Amino acid sequence: MSRQSQGGAKPRRSENRSAEAGRLVVVANRLPVRQVGGTDEKPRWRISPGGLVTALAPMLRERGGTWVGWAGDMGRTYRPFTQDGIRCRPVALEADLFEGFYQGFSNSTLWPLYHDAVRPPEFHRHWWRPYVEANERFAKAAAGQVKDGDIVWVHDYQLQLVPRMIRELKPETRIGFFNHIPFPPEELFAQLPWRRSILEGLLGADVIGFQTKQNAQNFSRAARRHTSARGSDTELVFEGRRVQSRAFPISIDTADFERSAASEEVVARAKELRALMAGRKVILGVDRLDYTKGIDIRFRSFEEALRRKSVTAENSVLVQIAVPSRADVGEYVNERDEIERLVGRINGTYGQPGKVAVHYLYRSVPREELLAFYLASDVLMVTPFRDGMNLVAKEYVATRLDDTGVLVLSEFAGAAHELRGAILVNPHDIDGMADALEQAISLPDDEATRRMAAMRRVVRRHDVYRWSDSFLDTLIHATQPNWD
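Counting in numbering that gives the first Met the number 0, the sequence shown runs without a single skipped number right up to 483 at its last residue.
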């Protein structure tokens with residue numbers, strides 16, 4: 000790798016991070032830890048990997064404060080504990096409450112609705128009640144941790160009622176909310192029977208963050224239509240309080256990905272993978288197996304390129320890593336069946352002895368293995384029907400230390416607003432995606448390098464630390480109207 004030295008940068012914090020305000024109370028569906036053994040009385044915990052933990056853990060250690068969330072074990076009640084300098088306050092969820100709150104309302108009502116109703120959302124009153132109860136538990140647990148001057152940061156669609164609930168318990172607290180998934184257009188959101196309650200729950204925050212400006216505008220317009228909020232697409236006044244609605248595009252720990260991608264182990268494994276592909280162009284897909292990710296249409300577009308003979312199993316191979324997700328839910332079972340049927344059809348029609356057209360891996364892979372696949376591939380296809388951001392696209396860009404590789408990216412992913420060096424596609428257009436794949440495979444080296452270098456500058460400049468610093472600085476400096 001000609002630029003491996005770039006991978007030596009150390010993780011950093013923004014020099015502009017404000018030292019104002021008090022401790023930080025983070026409220027998220029999950030705690031930043033997972034249990035790895037021990038006993039019921041003395042469980043052992045380990046910090047979980049992930050971008051959100053990476054960004055917020057240093058702040059919690061520096062500022063002090065608490066992370067409020069579910070420990071992942073239904074029916075168990077844990078006492079607060081400290082792990083690796085992070086104070087954790089577990090929230091207990093029984094099986095029936097979890098079923099209605101998480102599996103039901105969060106993932107069968109909100110998830111499909113917020114992703115442009117790619118699958119029809121289900122509206123059930125018996126799911127709404129546990130959603131409210133679970134949000135109350137998170138809010139009460141968080142309020143119990145708040146002291147004067149503290150700030151609260153609530154995360155994601157499972158906890159949209161929490162900001163207002165905390166506001167009612169701790170009226171003077173500065174509260175932020177960040178939505179990690181898209182927020183739907185006003186016309187779609189209007190289908191939700193509990194739309195006013197959701198909007199008023201979010202309006203309990205001082206700053207509401209979204210992945211894109213369009214998402215922020217969608218929320219503000221829905222709030223003006225269905226609540227008493229008044230104002231603009233970026234600032235509302237609700238019940239005498241000013242509420243900002245803004246875009247804060249989330250990102251990754253770029254320096255860490257660069258450093259890991261430059262490691263001897265990853266580079267050696269990438270060479271092994273390239274050798275296994277027998278000199279063919281490697282097209283990579285990496286997704287949770289979710290119906291919003293458009294994996295089936297991606298396969299159909301590859302099949303179309305094979306039909307045209309613009310690619311063949313002799314010169315190209317599609318490697319799809321599909322990470323299992325909600326494997327017992329009907330929609331996901333059907334999605335997996337359809338994808339595996341497509342794999343069989345494509346390989347049966349276009350495979351050659353010793354050379355299949357598609358390698359399909361239905362499993363989680365270790366981080367180092369994933370990075371090796373990033374390095375070994377020539378093209379990454381990220382083609383969701385709708386995505387809040389899609390950090391896989393940014394991870395791929397960060398690992399391309401020699402500025403090689405081509406990114407084919409859905410125009411409906413939040414990352415498309417930043418990664419303008421990608422070849423953008425409409426993920427509903429099979430012919431258009433086949434055209435984009437042909438373009439990616441044949442892109443001249445100098446153009447591919449120019450595009451990738453531009454995207455790498457973006458992900459290095461706008462990393463996960465800049466995201467978290469930017470949000471908290473905005474929240475800390477948010478002002479309220481003076482009505483005197």
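For each residue, glycine too, the CB sits at the ideal point set by N, CA and C.
None of these values were measured; they are calculated from a predicted model.
Query: On the CB-based measure, 16 or more other CB atoms within 10 Å of its CB, does Pro183 come out buried or exposed?; Result: buried
Query: If the criterion is Cβ atoms closer than 8 Å, does the pair Ser467 and Ala56 meet it?; Result: no
Query: Determine the burial state of Lys393: buried for a count of at least 16 other Cβ atoms within 10 Å of its Cβ, exposed for fewer.; Result: buried
Query: Go through its chain and collect everything with a Cβ distance to Leu471's Cβ below 6 Å, but skip five positions before and after it.; Result: none
Query: Using only the alpha-carbon positions, how far apart do Gly413 and Thr38 sit?; Result: 42 Å
Query: For the putative contact between Arg297 and Met380, defined by C-beta atoms under 8 Å, what is the C-beta separation to the nearest angstrom?; Result: 6 Å
Query: Please report the distance separating the alpha-carbon of Pro29 from that of Val378.; Result: It should be noted that the sequence gives Arg, not Pro, for residue 29. Spanning the two alpha carbons is a distance of roughly 33 Å.
Query: Leaving out five residues before and five after Val357 in sequence, what residues of the same chain have Cβ atoms less than 6 Å from its Cβ?; Result: Leu317, Val342, Ile345, Asn346
Query: Tell me the DSSP bridge mates of Tyr361?; Result: Ala321
Query: For my contact list, Ile249 and Val463 are in at a C-beta cut-off of 8 Å; report their separation, rounded to the angstrom.; Result: 7 Å
Query: Between the beta-carbon of Pro111 and the beta-carbon of Gly293, is there less than 8 Å?; Result: no
Query: Quick test of your reading: Val495 and His154, contact by CB under 8 Å. State the CB separation rounded to the nearest angstrom.; Result: Because the chain spans 0 through 483 in this model, residue 495 falls outside it and cannot be assessed.
Query: Would Ser442 and Ser300 be called neighbours here (beta carbons separated by less than 8 Å)?; Result: According to the sequence displayed, residue 442 carries Leu and not Ser. Taking 8 Å as the Cβ cut-off, Leu442 and Ser300 do not qualify as a contacting pair.
Query: Roughly how many angstroms separate the alpha carbons of Pro181 and Arg385, rounded to a whole number?; Result: 8 Å
Query: Any idea which residues DSSP pairs Thr65 with across the strands?; Result: Val24
Query: In three-state DSSP terms, what is Gly485?; Result: Outside the shown range of the chain (0 to 483) lies residue 485, about which nothing can therefore be said.
Query: Can you give me the Cβ contacts of Gly387 inside the same chain, cut-off strictly under 7 Å, excluding the 5 residues immediately before and after it?; Result: His179, Ile180, Pro181, Gln210, Gly413
Query: Tell me which residues share the same chain as Gly50 and place their Cβ nearer than 8 Å to its Cβ, disregarding the 5 neighbours each side in the sequence.; Result: Ile249, Ser250, Ile251, Asp252, Leu390, Val463
Query: Spatial neighbours of Gly84 within its chain, please: CB distance less than 7 Å, with the 5 preceding and 5 following residues excluded, ordered by chain position.; Result: Arg60
Query: Between the Cα of Pro323 and the Cα atoms of Ile174, Lys354, Leu360, Asp115, which residue gives the shortest distance?; Result: Leu360
Query: What are the start and end residues of the alpha helix (DSSP H) that includes Pro162?; Result: 161-168
Query: What is the DSSP secondary structure of Trp193, counted as helix, strand or coil?; Result: coil
Query: In whole angstroms, give me the CA-to-CA distance for Phe122 and Phe100.; Result: 13 Å
Query: Buried or exposed for Gly208, please, with buried defined as at least 16 other CB atoms from any protein chain shown within 10 angstroms of its CB.; Result: buried
Query: Going by DSSP in three states, Arg225 sits in which element: helix, strand or coil?; Result: Arg is not the amino acid found at residue 225; the sequence shown has His there. Reduced to three states, the DSSP call for His225 is helix.
Query: Would Ala228 pass as a contact of Leu202 if the rule is Cβ separation under 8 Å?; Result: yes
Query: Closest by CA to Arg88, which one among Val206, Phe218, Val24?; Result: Val24
Query: Taking only runs of the alpha helix (DSSP H) that begin and end inside the stretch 121-159, which ones reach a length of at least 4 residues, in chain order?; Result: 124-142
Query: Taking Met454 as the reference, which of Ala116, Tyr395, Leu168 has the closest Cα?; Result: Tyr395
Query: Looking only at its own chain, which residues have a Cβ that is under 6 Å from the Cβ of Thr448, when we skip the five neighbours before and after it?; Result: Asp402
Query: Excluding the five sequence neighbours on either side, which residues of its own chain have a C-beta within less than 8 Å of the C-beta of Arg366, listed in chain order?; Result: Pro48, Ser259
Query: With DSSP collapsed to three states, give me the class of Arg449.; Result: helix
Query: For Phe176 and Ala204, which I take to be in contact (beta-carbon distance under 8 Å), what is that distance rounded to the nearest angstrom?; Result: 4 Å
Query: Please return the same chain residues whose Cβ sits closer than 6 Å to the Cβ of Tyr373, not counting the five positions on each side in sequence.; Result: Tyr395, Thr398
Query: In whole angstroms, what is the alpha-carbon distance linking Phe237 and Glu410?; Result: 33 Å
Query: Count the other C-beta atoms from every protein chain shown that fall within 10 angstroms of the C-beta of Thr76, then say buried if there are 16 or more, exposed otherwise.; Result: exposed
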